[in-house]
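For the sequence shown, our numbering assigns the number 92 to the initial residue and increments by one for each residue that follows. The C-beta atom is built at its ideal place from N, Cα and C for all residues, glycine as well. As the structure is a prediction and not an experimental result, all values here were calculated from the model. Comments concern the structure below.
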Amino acid sequence: CLMTNPDISIEHIKDVALKAVKRGIVCYTLFLSPAQAAMVKSIAYKNDCFYKCFGGYDYAERTIAAFYDQYNEPQFMDFPIGCIKIIPAPNNTLPNHRQIMGTILSQGLKRDVLGDIVVTEDSAYVFCSDNMLDYICSNVQRIGNTSVNFEIMDILPRLDKKIGQAKRITVSSPRLDAVLSSALNLSRSKAALLVSQGMVNLNHIEEKRPDLKINVGDILSIRGYGRVQINDIGTPTKKNRLPMELELFINK
Numbered sequence: 092c093l094m095t096n097p098d099i100s101i102e103h104i105k106d107v108a109l110k111a112v113k114r115g116i117v118c119y120t121l122f123l124s125p126a127q128a129a130m131v132k133s134i135a136y137k138n139d140c141f142y143k144c145f146g147g148y149d150y151a152e153r154t155i156a157a158f159y160d161q162y163n164e165p166q167f168m169d170f171p172i173g174c175i176k177i178i179p180a181p182n183n184t185l186p187n188h189r190q191i192m193g194t195i196l197s198q199g200l201k202r203d204v205l206g207d208i209v210v211t212e213d214s215a216y217v218f219c220s221d222n223m224l225d226y227i228c229s230n231v232q233r234i235g236n237t238s239v240n241f242e243i244m245d246i247l248p249r250l251d252k253k254i255g256q257a258k259r260i261t262v263s264s265p266r267l268d269a270v271l272s273s274a275l276n277l278s279r280s281k282a283a284l285l286v287s288q289g290m291v292n293l294n295h296i297e298e299k300r301p302d303l304k305i306n307v308g309d310i311l312s313i314r315g316y317g318r319v320q321i322n323d324i325g326t327p328t329k330k331n332r333l334p335m336e337l338e339l340f341i342n343k
């Protein structure tokens, strides 16, 4: 069974888990953000059931959660996920992530039926609920000023893990606003404002404390900018500044 409520909340995810337990079948959510997916483990535990998350390929950010009992474990191929390959028409430029998502959502679709959109050098892949494949292909012929061809993939593609831009910074302290300021080349006050306005997630959870200490492995998601991953924090320099190795995934 597939959860179809477009406004996914923790209560809706709980309902899907409970339905899977009561009926003894596999139940799927729609696509979850990383913050929503972070709730799945505890919900499965509290409902005494199993879970599995999959977004159509390894390392996917947006995933569908499956809840099931010990007798009905689904395979990844069972997930209600389809994939559309986008190829620009001859003499056209491949549209970017924002253009693709905006065009598809403008057709009246909810974000929850869309998974990741992966843009490569010469094509793009749109992961979506499998019952939306024909609708998208039938209703979208152009993305921005670009004529495109859509191909529904018979088999989900194998995509490499996305590699971000490496960046080394030094900060006066490991505070959230200081790290954001250096990572995104913003003023300290602008970085603090983004945090206080609820524009920043730390490890997929909204964080409004600009003075919070950042640690190795933390992931910062900044609305309108992209994502910053903290890969390493070194020892303080002679000037008592802290070096950090970052990986940036910046929206284009």
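Query                                                                                                      : Result
Alpha helix (DSSP H) segment containing G193, residue limits                                               : 188 to 196
Cβ-based burial, T95 [other Cβ within 10 Å; buried from 16]                                                : Confidence at T95 is low in this model, with a pLDDT of 44, below 50, so the placement of that residue should be treated as unreliable; the coordinate-derived value is given next. Its Cβ having fewer than 16 others within 10 Å, T95 is exposed.
Distance between beta carbons of V286 and D309, contact taken as under 8 Å                                 : Not a contact, Cβ separation roughly 14 Å.
Distance cut-off 7 Å: V112 Cβ against heavy atoms of the ligand PLP                                        : Of ligands this structure carries none, so the ligand PLP is not represented either.
Secondary structure of D245, DSSP reduced to three states                                                  : coil
Length of the line joining the Cα atoms of P334 and K299                                                   : 24 Å
For D98, three-class secondary structure by DSSP                                                           : Reliability of the predicted coordinates at D98 is poor, the pLDDT of 47 falling under 50, and no value is obtained from them.
8 Å Cβ cutoff met for V270 and R332                                                                        : no
Cβ pair V231, I195 closer than 8 Å                                                                         : yes
Alpha-carbon to alpha-carbon, K252 and I296                                                                : 23 Å
Alpha-carbon spacing of C79 relative to F170, whole angstroms                                              : Look at the range of the chain in this structure, 92 to 343, and you will see that residue 79 is not part of it.
Inter-residue Cα distance where the pair is L275 and N182                                                  : 34 Å
Buried or exposed (CB count within 10 angstroms, at least 16 for buried), D203                             : buried
Exposure of I313, with buried meaning 16 or more beta-carbon neighbours within 10 Å                        : buried
Continuous alpha helix (DSSP H) assignments of at least 4 residues falling wholly in the region 258 to 325 : 267 to 275, 279 to 287
Rounded C-alpha distance that separates T120 from R153                                                     : 12 Å
Backbone CA spacing between L185 and M192 [nearest angstrom]                                               : 13 Å
Top-ranked residue by Cα proximity to K201, from V210, C219, N187, S214                                    : C219
Beta strand (DSSP E) segment containing V210, residue limits                                               : 205 to 210
Spatially closest choice to A156 from L293, G255, H103, by CA coordinates                                  : H103
Helix, strand or coil at V107 [DSSP, three-state]                                                          : helix
P248 and Y162 closer than 8 Å at C-beta                                                                    : no
Member of P125, V112, K137, L205 whose CA lies at the smallest distance from the CA of N292                : P125
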